[in-house]
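Read in order, the letters of the sequence shown correspond to residues 240 to 388 in the working numbering. Data first, discussion second: the structure below is written as structure tokens.
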Amino acid sequence: MGTLRDHPYGQFVFQVDFGAGDPGGVDGGFEEVGPIAASIDMIEYRNGNEKVNTFRKMPGLHRVHDVTLKRGVIGSTTLFAWFRAGTLGQHDPRNVTIRLMNEDQSDVVFTWRLVRAWPIKYVVNSLSATSSDVAIEELVLTCEGIDVE
């Protein structure tokens, strides 16, 4: 459940759990996660004999947007193995939990759960012999729903 306070929490302390129950594990350590987003399609409808020249607006389908996770390449192949399994027909949807922590990491203050999430894209950024940047891998997840606690 979300924890209320007068000023907003920072976005820089968070954990990701891929359903294994170990959000502190190396597979859950990410530089960036997001955006976490959902939308509802809007339907415009108007009868030809309406008295006013305006549309009625009604809710349509609910859509959950893809979520990108970025982390430094650490030698673990767990994320790629999950993606690879999907390419081999071994679809493995999971409930992925993203927890926002308070600044001293002593308490979970907000939780998002990606319902029936699975990887649809795996990317390693460009490697360059003239750069001091960290090698970054990305995993893009799609999901069927978002829950908030």
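Note that CB positions come from ideal geometry on N, CA and C, so glycine has one too. Being a predicted model, the structure only gives us computed values, none of them experimental.
Counting every other CB atom within 10 Å of its CB across the protein chains shown gives A368 a total below 16, marking it as exposed.
With respect to the 8 Å criterion, I337 and V255 are classified as neighbours on the basis of their beta carbons. With fewer than 16 neighbouring CB atoms inside 10 Å of its own CB, P274 falls in the exposed class. By the C-beta density criterion, F257 is buried, having at least 16 other C-beta atoms within 10 angstroms. As DSSP reads the structure, A356 sits in a beta bridge with R333.
Shown here, L339 sits in a strand according to DSSP, grouped into three states. Between the segment 323-334 and the segment 280-287 there are fewer than three C-beta pairs closer than 8 Å, too few to call the two in contact. For A277, the secondary structure class from DSSP, reduced to helix, strand or coil, is strand. Between R355 and I385, the gap from beta carbon to beta carbon reaches 8 Å or more. Taking a contact to require three or more Cβ pairs closer than 8 Å, the segment 300-311 and the segment 371-382 qualify as touching. Here F319 carries a helix assignment [DSSP, helix/strand/coil]. Following the DSSP letters along the chain, one finds R295 inside the beta strand (DSSP E) bounded by residues 295-303.
A distance below 8 Å separates the beta carbons of V312 and I375. Under the DSSP definition of a beta bridge, T307 partners with G273, V379. If you look at G258, you'll find it isn't in any beta strand (DSSP E); DSSP assigns it neither H nor E.
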